[in-house]
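Numbering (this note's numbering), first residue to last: 2 to 209.
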Amino acid sequence: MALSEDQIQRYSRQILLREVGGRGQEALLSGGARVDGLGASGLTATAYLAGGGTPVTGVGGLTMGPWSPGFLASARDVGRPVDAMLAQVVPEVNPDAAGTPGGGLLAELPAAWSGDAPWVALGGDGARGAVVFRGADGCVWCFGETVRHLGTPPDGALGVALGALGALVFQRLRLGMGSSLGGRWLSAPGAVADLEIRPCSRCKAAKP
Ligand SMILES: [Zn+2]
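1) Leaving out the 5 sequence neighbours to the left and right, which residues in its chain are closer than 7 Å to Val148 when beta-carbon positions are compared?
2) When the Cβ atoms of the stretch 30 to 41 are set against those of the stretch 153 to 171, are three or more pairs found closer than 8 Å?
3) Hey, quick one: how far does the beta strand (DSSP E) through Asp117 stretch, first residue to last?
4) Would you say Gly105 and Gly32 are within 8 Å of each other, going by their C-beta atoms?
5) Give me the DSSP bridge partner(s) of Asp37.
6) Quick one: any contact between the stretch 140 to 147 and the stretch 187 to 194, if contact means 3 or more CB pairs under 8 Å?
7) Can you check whether the CB of Thr55 is closer than 8 Å to the CB of Gln172?
8) Val60 and Arg35 - do their beta-carbons sit closer together than 8 Å?
9) Using the C-alpha atoms, what's the distance from Leu169 back to Ala113?
10) Take Gly139 and list the residues in its own chain whose beta-carbon comes closer than 6 Å to its own, dropping the five residues that flank it on each side.
11) Quick one: does the C-beta of Arg203 sit closer than 7 Å to a heavy atom of ligand 1?
12) When you compare only the Cα positions, how much space is there between Leu174 and Gly167?
13) Taking the alpha-carbon of Val91 as reference, which of Tyr49, Gly136, Arg81, Lys208 has the nearest alpha-carbon?
14) Any heavy atom of ligand 2 closer than 7 Å to the CB of Trp186?
15) Residues bridged to Ala122 by DSSP?
16) What span of residues does the alpha helix (DSSP H) with Gly167 cover, start to end?
17) If you draw a straight line from the C-alpha of Gly136 to the C-alpha of Ala165, how long is it?
18) Using the beta-carbon count (16 or more within 10 Å), is Ala207 buried or exposed?
19) What separation, rounded to the nearest whole angstrom, lies between the Cα atoms of Cys201 and Leu107?
20) What residue range is occupied by the uninterrupted alpha helix (DSSP H) comprising Gly145?
21) Looking at the unbroken alpha helix (DSSP H) that takes in Ser202, where does it start and where does it end?
22) Check whether the Cβ of Arg114 lies closer than 7 Å to any heavy atom of ligand 1, and answer yes or no.
If you want it as structure tokens, here you go:
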């Protein structure tokens with residue numbers, strides 16, 4: 002049965018959502034994220050990514066500190082390696098999100114950046130939270146120049162909100178949505194403003 006013009010109009014939203022949803026979900030499930038960070042923003046982002054079906058693994062070498070418990074971890078996890086903690090709790094959040102390390106990197110600043118995009122940096126300027134992101138087509142050096150001027154991400158409620166925003170940005174990059182280089186300031190949960198990318202010397206020279 003072919004859909005009538007009326008029916009297509011009536012159900013367009015649903016049809017569209019199902020299209021995006023099906024293919025999109027496959028993309029999320031097949032592209033992983035390495036997570037480097039154990040504050041409120043990093044662990045919140047990890048929980049959101051895992052909940053949405055992105056396989057997440059911890060970057061080795063970090064140890065859970067007394068500030069870490071909250072979203073995913075508990076007080077008994079203090080002193081444990083982050084990658085071991087995540088390997089245990091991520092399957093509890095979503096079995097689909099366990100396993101194969103892969104692809105992108107989501108990290109709290111300061112961080113070392115390498116490997117495949119998407120890259121999502123969680124940072125701040127002492128008052129606001131900041132998310133800087135880079136897809137496969139975004140300039141590595143502009144990304145680096147921008148995150149170099151940012152400090153550590155906020156703690157508490159603003160850090161949690163920043164982590165949720167960071168996970169959303171990562172998922173959008175994974176789905177090929179939006180621009181491939183950019184940033185957002187977060188001054189309060191829900192209060193988002195554009196963060197200007199600092200051009201690297203090459204991109205600056207390329208502009209007329
Ligand atoms: Zn550049």
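Backbone N, C-alpha and C define an ideal beta-carbon position, used for all residues, glycine too.
Well, looking at it:
1) Hits under 7 Å: Leu110, Ala122, Gly124, Val133.
2) With the cut-off at 8 Å, the stretch 30 to 41 and the stretch 153 to 171 touch.
3) First-last for Asp117: undefined, no H or E at that position.
4) A contact, by the Cβ cut-off of 8 Å.
5) For Asp37, the pairing in a beta bridge is given by DSSP as Ala108.
6) No: fewer than three Cβ pairs fall under 8 Å.
7) Thr55 sits close to Gln172, with the two beta carbons spaced by under 8 Å.
8) Yes.
9) Cα to Cα, Ala113 sits roughly 21 Å from Leu169.
10) So the qualifying residues of the chain are Ser181, Leu182.
11) Yes, since a heavy atom of ligand 1 falls inside the 7 Å radius drawn around the Cβ of Arg203.
12) Cα-Cα distance, rounded: 11 Å.
13) Val91 has its Cα closest to that of Tyr49, out of Tyr49, Gly136, Arg81, Lys208.
14) In the structure on display, ligand 2 does not appear, and the ligands it does have are ligand 1.
15) Partner(s): Ala108, Val133.
16) Unbroken alpha helix (DSSP H) run through Gly167: 157 to 175.
17) Distance between the alpha carbons of Gly136 and Ala165: 18 Å.
18) Ala207 should be labelled exposed.
19) For Cys201 and Leu107, the distance between alpha carbons rounds to 21 Å.
20) Gly145: member of the alpha helix (DSSP H) spanning 141 to 148, first to last residue.
21) It spans 202 to 207 - the alpha helix (DSSP H) in which Ser202 sits, taken as one unbroken run.
22) It should be pointed out that residue 114 corresponds to Trp in this sequence rather than to Arg. With a cut-off of 7 Å, the C-beta of Trp114 is classified as distant from ligand 1, since no heavy atom of the ligand falls inside that distance.
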